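**Student:** Sharing a structure with you now.
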Amino acid sequence: MDRRTFLKVAGAIGASAFLGIYHSDISNAIEISKTKIVWIHGAECTGCSESLLNAENPDIVQAIQKLNVDLVYHETLLAQQGIFVDGRLAGTSELNSEILLNDAIEEGGYILVVEGSIANGPNGSGKYCMYGERPFKDIFKKAAENADMILAVGMCATYGGVNAADSAITDLMDFRGVSFLKEDPSKGMLTELGISKPVINVPGCPAHPDWMLLTLAAVILGKIRVPDDLDAVLDKYDRPLVFFPADHTLHDNCPRRGFYDVGKLDTDLSGDGCLWKLGCKGPYTHSDCALRKWNGSVNMCTQAGSPCISCCEPGFPDSSSPFYEEAEDKPVLFGMNADSLAKVGVGTAILAGAAHAVRRIVVDKDDEKEGEV
Amino acid sequence: MTRVVVDPLTRIEGHFRLSAEVNEQGVISDIQSAGMLFRGFERILLNRDPRDAARITQRVCGVCPTSHAMASANALDDLFGIADQVPKDALVARNIIQSLNMMASHATHIYVLWLPDIVNPAYRDVLATIGDTGAALWKELLYRFAPISYRLNGVSIPPGNAYLNAIKEKKRLQEAIALIAGKMPHQMSSVVGGVTYRPTVADIGKLTSYYHHVMDFIDGSTLGVDHRTWLDNTFRASSPQRAVDFLIEHLQELVEKSLISNDFSHVAGWGDIDLLAAFGSELIGERYLGLPVSFKFDRSGGYSDPSKIGFLSYGVYYDVEHGDGYDPLEFGRSGFQKAAFITGSFEHKKFDHRNVTEQIGHSFYVGKHNLHPLEGVTDPVRNADEIDYNGNDESKYSWIKAPRYDGIPCEVGPLARMVAMEEPLTMGLINMFSKNGQSAANTFTRMMARAQEMLLLSDELLKWVSSDLDPNGKFCVPTDLSMAENSQGIGLWEAPRGALGHWVRTGRDSKVINYQMVVPTTWNASPRDDLGVPGPIEQALLGTKVSAVENLLGIDNANPTGILHTARSYDPCIACAVHTIDLTKKLGNASRTFNIV
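Which chain is which? The protein sequence lines are A and B, in order.
Start counting the first sequence at 279; every next residue gets the next number (this note's numbering).
Start counting the second sequence at 236; every next residue gets the next number (this note's numbering).
Here's what the structure looks like:
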């Protein structure tokens, strides 16, 4: 299966079916060489690790086995902890996580997964976030230098997320994403440290377990070759196009889309209509949430009556706040905004075209790359 | 003297450091607990639409986001002046969402974060001293509780059976939340005025089915008996003594068989909690059951001076017996779990949130001391050279502030809630340890209280789902942003880890001018206060033996299980604890300071 086929397959199905298709690869897993994963946590809420534990069919443990992954380091899950006796690292890597982590970094040849932003403050010291008696920034630097590639998971690690949201002390805290700060790649921590590494960004607040596992699976199985294929499979924010399509928004497949098309736009919460007037940012959100859904595919935000808050776009939360106020319309087609288009759509001939038209309106044309799906 | 530093303490949420001085007897004689991250969270809520808070504050913690959403929704209900109108069915839905998250969080803590500690090789060595029985038990512990990627002497140990099943159940519970709240972590449903989603009859059926799945796990793994039998004889026992008698008689039956057969399996009747209850406590295991050895968790993590500790619960879950609405100022007066302040000698006092102050003498902030959090003027240390995590009694060493209730450090969490509701099994254990001259709050009772809370919540959950939730009911009161003009709101709630309060105040444009969260781990993991009194985790570790089973096999500073069990027994969430910061000073005038309601 080539990259193009991968994109089609991964976009259409969940992790389970994906791994099923690769049955032959997986049954030969013994021949897939062991892939080491080092997973580190900066300034974060552990929501992405929680989300990873929510992975379905396969669950995280099955995925590790089938993909022949060695989860070398993950501080929420592993038995070890950092232990210093009179200032020196004590014991062995079986009890001491700091020895384990240092050894793993020294050895190199791993995929580095980063969850959480990297503190640069105050004044470039990184001392606003420490662990193992050193700034997290220093650990990140060493771990990034020796990694084969970096997978940034969740909004904090990709674009800064809530840590980088606007406030009077944003600059003081100076939290960075791995290779971006909001939409700006020049302020990513890698640039700050002068490190060049292939990065895949899997945003979301939290990241969907499928987005994380399928991306890892594709890299491990060689379906995405790093770095050769990255230009083709990632958008300009380094997100996999297959999950965050440039030419597609959540609105296109929203379970409440039918209500939009007939102009049933709710103005109070807990109804069953379209949430546009209640602040839904679905038309601006490039994600496959509406198709993939969440937590065993039982539900997703708009289906549950909540306006989409666009938690996988680089500017989140500032770019979608206020969450419960109707978004300002982007460029208008034929003198109509998304609001009036919906009304015009009622019982008229444009109905069929409305979906397409609105998508064209709200998708910033500059964002578009050739879709692969 | 030896300095033993645990950094990072893993298998918790966030970055936590424990720096202990251990004396020649292997006893912890000094300890500092420190939050190692500054996150400036409340700052980003300033000047925002207050309704965003119910979404943004969840990002404080991905393990208990639901609690932040609820505390925030409560504060917003009050802010918008509609708390008395929130429809009963919205309150039921919120109760269901919260209890599911509480159960998921407790299951995660017990199985994924805490129990892996009892397969520490130190226990293999301890159990090796009692021959075949010890060997059989060690094998059983590994079979159930080994964590992922576990290695012993270079040999990979497969993840434990109970560990893996608990992850599945935690996932199922999160799926149940998503069913009526969109997704997890970071649910979307709790909003000012109610919830966004109207559950259908089919959803109620599915929720019931999730409940039965989870109870299958509890009956088949957590407990050795049917959960109804357990709850009838403990939670619904006629007295605390009877609850403890049931536990001990039940364990006696198991022990009599297993000490002969050396079979500690589920088939032999041993639930996960039975293993903890029998082998975790010296008093129960060795004294009452006559076991040759125990892990003595009841000997660690206690408090030596009852005058320097209290227990605090704000209460949680809406009272849905009386129709629509609730009183945010009287929250915790009725409802399933009550608000209370309990002294270190277990006297109940009425809770009054005006008694809460926060101190910053040992925290990396500059500003005034000993203020109610809502009057707090706090500013982080900005000079990197002044941030020295090796601080001590004389200096600043943590990003966590020191909250005090009436000047007293308080433990919050399941143990405090179980005491507040006078849960019979918990009170029975407390009486038993007190009579024996031990600290009644200890690492063992803390874990038993968490497990018991997970179990007893299941009954309430079923009631809310099958009896109280009416899919034809109302689920949200319409609101308009202008209703939040020049207003203030208080939201008290309980997170799995303990008492959680959100306070919000808005200005003339209805935008936030002050948002404050006082969070459970800030209480538990607080540093010393301005009088030098250590926080609860610090107190619990002072005097604790550093190595396994009261240093039974000698002192091993490189494997300080005493520190690990006790610190983890509080289920610390450091991302929550270091949430703080309000630069009210920067905003200027006094009118923007929150007035205590």
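The beta-carbon is built from N, C-alpha and C at its ideal position, and this holds for glycine as well.
Fair warning: this is a prediction, and the values are worked out from it, not measured in the lab.
Kindly say whether G623(A), judged by its beta-carbon, lies nearer than 7 Å to any beta-carbon of chain B.
**Tutor:** Reliability fails at G623(A), whose pLDDT of 43 lies under 50, so the model's placement of it is uncertain and the value that follows must be treated cautiously. No, its Cβ sits nowhere closer than 7 Å to a Cβ of chain B.
**Student:** Going along chain A, which residues have a C-beta under 9 Å from R790(B)?
**Tutor:** Position check: residue 790(B) holds Ile in this sequence, whereas Arg was assumed. By Cβ distance, chain A contributes nothing, its closest Cβ being about 11 Å from I790(B), past 9 Å.
**Student:** Is the beta carbon of P505(A) sitting closer than 7 Å to the one on P476(A)?
**Tutor:** Against a cut-off of 7 Å, the Cβ pair of P476(A) and P505(A) comes out as a contact.
**Student:** Among the candidates D546(A), S575(A), F522(A), L378(A), whose CA atom is the shortest distance from the CA of G560(A)?
**Tutor:** Residue F522(A) is the option with its Cα nearest to G560(A).
**Student:** A488(A) lies in the alpha helix (DSSP H); which residues open and close that run?
**Tutor:** It should be pointed out that residue 488(A) corresponds to Asp in this sequence rather than to Ala. For D488(A), the uninterrupted alpha helix (DSSP H) segment begins and ends at 487-498.
**Student:** Identify the contact partners of I498(A) in chain B, using a Cβ-Cβ distance below 8 Å as the criterion.
**Tutor:** Simply none; closest approach about 17 Å.
**Student:** Tell me the rounded alpha-carbon separation between N794(B) and M427(A).
**Tutor:** 34 Å
**Student:** Alpha carbons only, please: which of G275(B), S745(B), D628(B) is nearest the one belonging to S445(A)?
**Tutor:** G275(B)
**Student:** Helix, strand or coil, according to DSSP, for T457(B) in the structure here?
**Tutor:** helix
**Student:** Residues of chain B with a CB under 9 Å from the CB of V337(A): which are they?
**Tutor:** It is worth fixing the name first, because residue 337(A) is Asp in this sequence and not Val. Correct list: L399, I402, K403, K406.
**Student:** Would you say T527(A) lies against chain B (beta-carbon separation less than 7 Å)?
**Tutor:** Using beta-carbon distances, T527(A) does not count as an interface residue toward chain B, since no partner is under 7 Å.
**Student:** At a CB distance below 8 Å, what residues from the segment 546-578 of chain A approach chain B? Give them in sequence order.
**Tutor:** D546, L547, S548, D550, W572, N573, G574, V576, N577, M578
**Student:** How long is the line joining the alpha carbons of K374(B) and R534(A), rounded to whole angstroms?
**Tutor:** Approximately 53 Å, taken between the alpha carbons.
**Student:** I'd like to check one pair, E591(A) with G557(A): are the Cβ atoms closer than 7 Å?
**Tutor:** Taking 7 Å as the Cβ cut-off, G557(A) and E591(A) do not qualify as a contacting pair.
**Student:** What are the complete beta strand (DSSP E) segments, minimum 3 residues, inside the segment 262-332 of chain B?
**Tutor:** The qualifying runs are 263-270.
**Student:** Examine chain A for any beta-carbon lying closer than 7 Å to the beta-carbon of Y805(B), and answer yes or no.
**Tutor:** no
**Student:** List the whole-angstrom C-beta distance separating P638(B) from V601(B), where the pair is believed to meet the contact cut-off of C-beta under 8 Å.
**Tutor:** Contact flag wrong, Cβ pair sits at about 18 Å.
**Student:** Are the CB atoms of S254(B) and L692(B) within a distance shorter than 7 Å?
**Tutor:** no
**Student:** Residues of chain B with a CB under 7 Å from the CB of D364(A): which are they?
**Tutor:** T237, R238
**Student:** In whole angstroms, what separates the C-alpha of W349(B) from that of M271(B)?
**Tutor:** 21 Å
**Student:** Against R359(B), what residues of chain A qualify as contacts under a CB-to-CB distance less than 9 Å, listed in chain order?
**Tutor:** Within 9 Å Cβ-Cβ: nothing; R359(B) doesn't reach chain A, min ~12 Å.
**Student:** Between V257(B), R278(B), N309(B), which lies nearest to G189(B) when the distance is taken from Cα to Cα?
**Tutor:** Any question about residue 189(B) goes unanswered here, given that chain B covers just 236 to 832.
**Student:** Please report how far the alpha carbon of V520(A) lies from the alpha carbon of V511(A), in whole angstroms.
**Tutor:** A direct Cα-to-Cα measurement between V520(A) and V511(A) gives close to 7 Å.
**Student:** Excluding the five sequence neighbours on either side, which residues of its own chain have a C-beta within less than 7 Å of the C-beta of H344(B), listed in chain order?
**Tutor:** R685, D806
**Student:** Going straight from the alpha carbon of I342(A) to that of Q673(B), what length do you get?
**Tutor:** 45 Å
**Student:** Does the distance from the C-beta atom of L704(B) to that of Y446(B) stay below 7 Å?
**Tutor:** no
**Student:** Roughly how many angstroms lie between the CA atoms of T237(B) and G797(B), to the nearest whole one?
**Tutor:** 15 Å
**Student:** Just the C-alpha distance for L494(A) and V241(B), rounded to the nearest angstrom, thanks.
**Tutor:** Taken atom to atom, the span from the alpha-carbon of L494(A) to that of V241(B) is near 32 Å.
**Student:** Looking only at its chain, what residues have a beta carbon closer than 8 Å to the beta carbon of K420(A), apart from the 5 residues adjacent to it on each side?
**Tutor:** I383
**Student:** Can you check which of these residues, N749(B), T801(B), L766(B), is closest to N218(B) by C-alpha distance?
**Tutor:** With chain B running from 236 to 832 in the structure shown, residue 218(B) is simply not present.
**Student:** Could you tell me which whole alpha helix (DSSP H) segments of length 4 or greater appear in the segment 490-562 of chain A?
**Tutor:** 508-511, 535-539
**Student:** If we call anything under 7 Å between Cβ atoms a contact, is L390(A) one with V316(A)?
**Tutor:** yes
**Student:** Cβ closer than 8 Å: which chain B residues qualify as neighbours of C483(A)?
**Tutor:** R294, H421
**Student:** In whole angstroms, what separates the C-alpha of N707(B) from that of H588(B)?
**Tutor:** Spanning the two alpha carbons is a distance of roughly 37 Å.
**Student:** Taking the continuous beta strand (DSSP E) assigned at I428(A), which residues delimit it?
**Tutor:** 427-431
**Student:** Give the straight-line distance between the Cα atoms of P475(B) and M653(B), rounded to the nearest whole angstrom.
**Tutor:** Straight-line Cα distance between these residues: approximately 12 Å.
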